[in-house]
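Numbering (full-length UniProt numbering), first residue to last: 1 to 39.
Idealized CB from N, CA, C, for every residue including glycine.
Since the structure is predicted, the reported quantities are computational estimates derived from the model, not experimental observations.
Read the structure below first, then the notes.
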């Protein structure tokens with residue numbers, strides 16, 4: 001079964017980490033980037 005994926009793009013490292021933790025607990029695969037160009 002494939003897990004849903006989420007891409008997190010935010011320039012604040014703390015916000016990215018918080019979203020990764022929260023979405024991970026919701027069983028989503030997450031990837032994060034600091035800027036849109038690196039996503």
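Answer yes or no: does any C-beta atom of chain D fall closer than 8 Å to that of residue 10? Of the protein chains in the structure, only one exists, and it is not chain D.
For residue 27, collect the residues of the same chain with a Cβ closer than 7 Å to its Cβ; drop the 5 residues on either side in sequence, then sort them by chain order. If we look at residue 27 and ignore the five residues flanking it on each side, its Cβ neighbours are 3.
Is residue 16 near the ligand ZN - that is, is its Cβ less than 7 Å away from at least one heavy atom of it? Among the components modelled here there is no ligand, and therefore nothing to report on the ligand ZN.
Residues near residue 30 by beta carbon distance below 8 Å, same chain, minus five either side: So the qualifying residues of the chain are 5, 6, 7, 8, 19, 20, 23 and 24.
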